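Each remark here refers to the structure printed beneath this line.
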Amino acid sequence: MAQEQMIFSVSEANNFIKALLDAVPQLQTIFVRGEISNYKLYPSGHHYFTLKDDGSALKCVMFRGMAGKLRFRPENGMKVIAFGRIGVFPRDGAYQLYCSELSVEGVGDLHVAFEQLKEKLFKEGLFAPEHKKPLPKYPKRIAIITSSAGAAVHDMLRILNARWPMSEVVLLPVRVQGAEAPPEIAGALRYANKWRIADLIITGRGGGSIEDLWAFNDERVARAIYASDIPVISAVGHEPDVTIVDFVADARASTPSNAAEIAVPDQREIYRRLDALQTRMVQSEQKRVKALREQFEKTSRSRALQDPMAFIDDKRMLLDYTQKNLAALAQHQMAQRTQQFTALAAKLDALSPLKVLGRGYAVARNEQGQILRAAQEAAAGEKIEVLLGQGSLNCTVNACNMGGNDDGKNV
Numbered sequence: 012m013a014q015e016q017m018i019f020s021v022s023e024a025n026n027f028i029k030a031l032l033d034a035v036p037q038l039q040t041i042f043v044r045g046e047i048s049n050y051k052l053y054p055s056g057h058h059y060f061t062l063k064d065d066g067s068a069l070k071c072v073m074f075r076g077m078a079g080k081l082r083f084r085p086e087n088g089m090k091v092i093a094f095g096r097i098g099v100f101p102r103d104g105a106y107q108l109y110c111s112e113l114s115v116e117g118v119g120d121l122h123v124a125f126e127q128l129k130e131k132l133f134k135e136g137l138f139a140p141e142h143k144k145p146l147p148k149y150p151k152r153i154a155i156i157t158s159s160a161g162a163a164v165h166d167m168l169r170i171l172n173a174r175w176p177m178s179e180v181v182l183l184p185v186r187v188q189g190a191e192a193p194p195e196i197a198g199a200l201r202y203a204n205k206w207r208i209a210d211l212i213i214t215g216r217g218g219g220s221i222e223d224l225w226a227f228n229d230e231r232v233a234r235a236i237y238a239s240d241i242p243v244i245s246a247v248g249h250e251p252d253v254t255i256v257d258f259v260a261d262a263r264a265s266t267p268s269n270a271a272e273i274a275v276p277d278q279r280e281i282y283r284r285l286d287a288l289q290t291r292m293v294q295s296e297q298k299r300v301k302a303l304r305e306q307f308e309k310t311s312r313s314r315a316l317q318d319p320m321a322f323i324d325d326k327r328m329l330l331d332y333t334q335k336n337l338a339a340l341a342q343h344q345m346a347q348r349t350q351q352f353t354a355l356a357a358k359l360d361a362l363s364p365l366k367v368l369g370r371g372y373a374v375a376r377n378e379q380g381q382i383l384r385a386a387q388e389a390a391a392g393e394k395i396e397v398l399l400g401q402g403s404l405n406c407t408v409n410a411c412n413m414g415g416n417d418d419g420k421n422v
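All you need for the working numbering is the position in the sequence shown, starting with 1, plus 11.
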């Protein structure tokens, strides 16, 4: 009798295959190289994507707990090496890579994370020069946000005290390395701004590897610096070290010691400048006093001081001379006006009607006082007045002779 064929349900078949794959050691710790595609980040925090090469594709999932350890943000087209286990998701009957670690092929994860955050913050304008605040020239209080146990803080305190002891220094101790460092640094920045404990902030640490400096590549720290109303100097590592906070801060120092040099002026240089200014002021005042003395001596030798009445005498002579000139000018103008008046009076007398009447002529005018220039301007019986050289005649017109003179018979 033939053996009865075993019949599986779908769930049984999928679980059977899952058990087979789980039993293969090589599939439980496997590295897979490929290019990310169809990348999706779900609200749950889980990452789903596909790894592909020229000939095939493999579905992958990275749960939120593992994804929280990522230093960079996965993107489509990124070539990566994924580590995890191959398993089957029984519900769908599909095998996939359960990814626990993910790294960028050819470059470090931290380098990729640095470049991604740098590009993101640059596009948001956090590096814009117009946002940079000027540093106070003579800060009264300086807040240093760094580790209290590091050598960097001691170097900064020593240099600040040597260069400008007039500034008060407030230390806000924080961790500068590890997972707790970014929130502590960002919190110290917010605290300093909330209570206005300083007019200048220095934050940083000494040198180290990129992992050691990573707290200063954290987005939370960068945004806290950007939001600071108090100017911030970044002082992270050594000269070659560059972090995100260097781009956001209002000023970047190559080292913590250099930050202290940037933060305050050198009192010795100030003293030298004050000495130079004092010398220039003394020389300027000496020169001014000398000029005033020469002016005083010149003035003291002047005639006005040696003979005060000489000035008045000169003015009296000038007054007499001016009075004489004014009198002569007035007489000359009076003579000219008299001469003009005489000539005009003679012309007026020559044109006077009285002169004409004095020579035997007469002037006739009607009752309205209008001068009669022609016989037709008067009518017979009209009364007229005849003006003579001496006196006048009231006459009556008997007749008018329009043609010429009839020896006055008709008047």
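All residues carry an ideal CB built from backbone N, CA and C; glycine is no exception. Note that the structure is predicted; figures quoted are calculated from it, not measured.
Spatial distance of residue i from residue j (CA atoms)
i: F322; j: A302; result: 26 angstroms
i: A30; j: Y53; result: 28 angstroms
i: Q306; j: L211; result: 53 angstroms
i: H57; j: K131; result: 22 angstroms
i: N421; j: E388; result: With a pLDDT of 48 at N421, under the threshold of 50, the modelled position of that residue is not reliable, and the figure given next carries that caveat. Answer to the nearest angstrom: the Cα atoms are 15 angstroms apart.
i: N409; j: L399; result: 20 angstroms
i: F125; j: R234; result: 15 angstroms
i: G218; j: Q127; result: 23 angstroms
i: Q79; j: S178; result: According to the sequence as given, residue 79 is Gly; it is not Gln. Approximately 43 angstroms, taken between the alpha carbons.
i: G215; j: D223; result: 12 angstroms
i: V21; j: S55; result: 28 angstroms
i: K205; j: I213; result: 16 angstroms
i: A315; j: D325; result: 11 angstroms
i: D318; j: Q278; result: 59 angstroms
i: D240; j: R207; result: 9 angstroms
i: S403; j: A386; result: 19 angstroms
i: G6; j: G189; result: What is shown of the chain runs 12 to 422, which leaves residue 6 out entirely.
i: S159; j: R44; result: 44 angstroms
i: I97; j: V115; result: 20 angstroms
i: N405; j: E396; result: 5 angstroms
i: K358; j: A373; result: 21 angstroms
i: H142; j: P184; result: 27 angstroms
i: R327; j: R348; result: 31 angstroms
i: D65; j: K90; result: 13 angstroms
i: T157; j: V300; result: 56 angstroms
i: V253; j: L285; result: 38 angstroms
Span of the alpha helix (DSSP H), counted from its first residue to its last, around residue i
i: N204; result: 192-205
i: V293; result: 278-311
i: N267; result: Correcting the residue type first, residue 267 is Pro in the shown sequence and not Asn. Per DSSP, P267 belongs to the alpha helix (DSSP H) from 267-274.
i: V123; result: 120-135
i: T254; result: Unbroken run through T254: none, as it is neither H nor E.
i: R327; result: 319-361
i: E230; result: 230-237
Beta-carbon proximity list for residue i, same chain, < 6 angstroms, skipping 5 on both sides
i: T61; result: S48, N49, A68, K70
i: R310; result: According to the sequence provided, residue 310 is Thr. The question's Arg does not apply to it. Within the same chain, T310 has no close Cβ partners at all.
i: G248; result: G218, L224
Unbroken beta strand (DSSP E) run spanning residue i, endpoints
i: A154; result: 152-157
i: V115; result: 105-115
i: F94; result: 90-100
i: L398; result: 394-398
i: R216; result: 211-216
i: M73; result: 68-73
i: A264; result: 262-264
Spatial neighbours of residue i in its chain, beta-carbon cut-off 7 angstroms, leaving aside the 5 residues before and after
i: S111; result: M77, F94, G95
i: R201; result: A235
i: V232; result: P193, I196, A197, A226, V256
Collapsed DSSP secondary structure at residue i in the structure displayed
i: Q37; result: helix
i: P2; result: Outside the displayed range of the chain (12 to 422) lies residue 2, so it cannot be described from this structure.
i: H57; result: coil
i: N412; result: coil
i: F27; result: helix
i: P242; result: coil
i: N377; result: coil
i: E46; result: strand
i: C406; result: strand
i: S22; result: helix
i: V164; result: helix
i: L62; result: strand
i: V259; result: helix
i: P145; result: coil
i: L171; result: helix
Neighbourhood of residue i by C-beta distance below 8 angstroms, restricted to the same chain and skipping five residues each side
i: L146; result: L211, P242, I244, D261, A262, I273, A274
i: F27; result: F19
i: C411; result: A386, Q387, A389, A390, A391, N421
i: F42; result: I92, A93, F94
Subject >> Touching by the beta-carbon criterion (3+ pairs, under 8 angstroms), the stretch 187-197 and the stretch 224-236 >> reply: These segments touch.
Original post:
With a cut-off of 8 angstroms, do at least 3 Cβ pairs link the stretch 72-83 to the stretch 31-45?
Top reply: No: the two stretches stay apart, fewer than three of their Cβ pairs being nearer than 8 angstroms.
Original post:
So, do the stretch 165-178 and the stretch 267-287 have three or more beta carbon pairs nearer to each other than 8 angstroms?
Top reply: With a cut-off of 8 angstroms, the stretch 267-287 and the stretch 165-178 count as touching, because enough Cβ pairs lie within range.
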